[in-house]
Structure formats: C-alpha cells, structure tokens
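**Q** According to the numbering used here, the sequence shown is numbered sequentially starting from 250.
For glycine and all other residues, C-beta sits at the position ideal for the given N, C-alpha and C.
There's a structure below that I have some questions on.
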Amino acid sequence: MTGVFAIAVFTVSQRTTADDPARYGWAWDVDADISIDDPEPLFTALAEEPVLAAVGIASCGQAKVGGHNTLLCAMDVLSGSMPMTYLAGRAPASRGEIAAGQKTMARHGVAIGDRLEVAGMSGAAESLEVVGVAVIPDQATPGRGLIATPDGLQALIGSESFPILTLKYAPDLEPDDVTRILADDYGLTPDELNYASPPALVERLELVRPTLVALAVFLGVLGVIGLVHFLMLSTTRRRHESAVLGAIGLVVQRVAVVVWQALTIATIGVLVGAPLGVILGRSVWEAAIDQLGIVDTATIPWLFFAAGVAAALLAAAMVGTLTGWLSAQHNATEALRDE
C-alpha cells in the first residue's frame, strides 16, 4: 500500500507540474521574439485586442554578478494581469529591488533581504536588494537569472536589451481561434510563437511513468497474493476451530470469520500504508525537482486514494470470501478426527 500510494503521488505530481506552466514560470500562453524596427504600433494594437486577456513585454539582457554572466529581465505589462510565480517574497517594485532565481541565489550565497551587486555589460553597476525568489521560465536552465523592474533594467542594460512579446489568451476562447486571429490580423504566424515547455528534467521524468505504473500494479498484485497466502495459512492452522463451528451448523459464519480477518488486514494496510505513501511520494518528488527552482509542491490524488482504498477493501472481501468458502468445504468430521 505504501508503494502504490507513493507512486501515485509522484506520477500525478509530475503530470500536474508538466501541465501547469505557472509552476515553471510561464505567466502567459505564448511568447514571440520581436525583431521589427518599430514594434510600438504592434504592441499598442495587441494591447487593445479583445481576444487577449493580457499583453506584456519581457525585456532581457546580459548582466554580471560576481564575475558571472547572468540573464537579467523585466516585465512591462501593457494590458491585463500577468503576475509571475515566486517561491518566496514578492516581485520587485522599485529600481533598487530585484528578484533572483533559486540557483542564482544559492550560487552567490544571498537570501531575501540581502543586497546583490549587479553590473551591466556596459559597466554600470548597482547594489540591489533581493526581495523575492522568482521562478525563471527557462527550460534549459531553470532557477537561474534575475528579475528587475523596467526602470532597473534600463539603468543597467540600457538599449542592449531585447524585447519578448508575451500574450495570454482570453479564457473563454479556443486557443486555435486566437492563434488564427494573431496570424491573420497581426502577422504572428504559429511558427513564430513559442509555447510553454516544462524543464528538461520534468519531461524526462515522464519517461519513467510506464515503469512506475507497472511497479504499482506489481505491488498491488503482490499484496493480494500475500493476503491469499496469509489467509490460507491461517485457516489451515485453525482448521480445528473451523471444524467445531461447522459441527454445530455454522457455515456462513465460518466464511464471515475469514472475510472479517481479510478486511482487518486490509484496513491496517490502508491506515498505515496511505500516510506513509503520501510522505514517501511527496519527499521523493520534492527531492527530485528541488534543484530546478520551480514550484515543487506535490499533488495528492485524493480521488485515486479514495478509489484505491475502496479497491483494497473490495479485493480483501473477495479474497476472504473465496478463502473462507474453500475452508468451509473441508469435512468437519475428518478435521476433528485428526485432532
């Protein structure tokens, strides 16, 4: 039971993380690199487009922290709301504040409230207060990078930053319809749009899902076999007591005794195995992706747990009924004579 529930927590957490872009830093549906000479008219038109719930411009450039090159970005929301994900703290609100990825903070030994010396490639440098741990939306190197305000980015990077258009679709529209409008009215073809993609490690964990599911099935079957063996051994060792019940005309009761014994064992397995499975599955999941600097909260599949408990008790009742019925078929006279 512990193994089955632990595998359920791990696999569901992986699937939930892969399907929820906000967990790995995507606060938008698609983004696109803009390379036209004057993008402002396009930005203004998109900000007024009703099929878009939010429009933003993520400007990024290279900075230096402790002699190491680091990506420095800032988000300028033109319309709607596009809040980024933070593991702790908050988003920077002034030029003198900054948020950093978990790996960047660990690399430079800083925490929320500390100051970080950040220098632009042109040589301009500022001491900025770290106010949050940001989830950096980078598939290859999640957890690395800095988030500043637009003013803070301008002071350090200047005109060397490059803009990335970020778009959030209206929730009541089909994504394909919005994509077609972007292509027809604004020239943003599907090939130019980048969609959310989870970190490489999260994608690789998807590859072990079939193996884990097969292991869970094996553990479930092994549990049933173990219960059958236990009940058969128990009824064999207590054949004298069972024969006495049969001699006084108790047949259904002999089966019921074994059924209740099976249900008791299954209940103990659920009461002990389910909590241990949750703890084990959550611990393994958090340890597996803690290094990524993304949201590592495990997902507890309560519906699966309810179905698993019901299936375990049903299987125990069926096994107990079959084993009890086979035991009741033994000749009581022969059993008593042997004794």
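1. Could you tell me whether the segment 310-329 touches the segment 282-291, where touching means 3 or more Cβ pairs closer than 8 Å?
2. Specify whether the segment 468-476 and the segment 297-312 touch according to this definition: at least 3 beta carbon pairs, one from each stretch, less than 8 Å apart.
3. Starting from the N-terminal side, write out each stretch of the beta strand (DSSP E) that is 3 residues or longer and does not extend beyond the segment 404-475.
4. Please confirm whether F254 has its beta-carbon closer than 8 Å to some beta-carbon of chain B.
5. Just tell me which of N443, G569 and T546 has its CA closest to the CA of A505.
6. What residue does the beta strand (DSSP E) around M370 start on, and which one ends it?
7. Can you round the beta-carbon distance between R272 and I543 to whole angstroms, since I take them to be within the 8 Å contact cut?
8. Under 7 Å Cβ to Cβ from V508, same chain only, skipping five residues before and after it: list those, please.
9. Where do the N-terminal and C-terminal ends of the beta strand (DSSP E) with V253 fall, by residue?
10. By the DSSP assignment, the beta strand (DSSP E) with M324 in it spans what residues?
11. Do E346 and L320 count as a contact pair if the criterion is CB distance below 8 Å?
12. What are the boundary residues of the beta strand (DSSP E) that A397 is part of?
13. Within a Cβ cutoff of 7 Å, which residues of the same chain sit near G522, ignoring the five residues on either side of it in sequence?
14. Flag this pair as touching only if the segment 326-336 and the segment 420-436 have three or more C-beta atom pairs under 8 Å; answer yes or no.
15. In the DSSP assignment, the alpha helix (DSSP H) including Q351 goes from what residue to what residue?
16. Using the C-alpha atoms, what's the distance from A337 back to T266?
17. Under the rule that 16 or more other beta-carbon atoms within 10 Å means buried, what is W277, buried or exposed?
**A** To lay it out plainly:
1. no
2. no
3. 411-418
4. Here chain B cannot be found, since the structure has a single protein chain.
5. G569
6. Taken as a continuous stretch (DSSP letters only), M370 belongs to no beta strand (DSSP E), as it is neither H nor E.
7. 6 Å
8. A566, G569, T570 and G573
9. Not the beta strand (DSSP E): V253 falls in the alpha helix (DSSP H), residues T251 to D268.
10. H317 to S328
11. no
12. L395 to A397
13. M250, T251 and F254
14. no
15. Q351 to H357
16. 18 Å
17. buried
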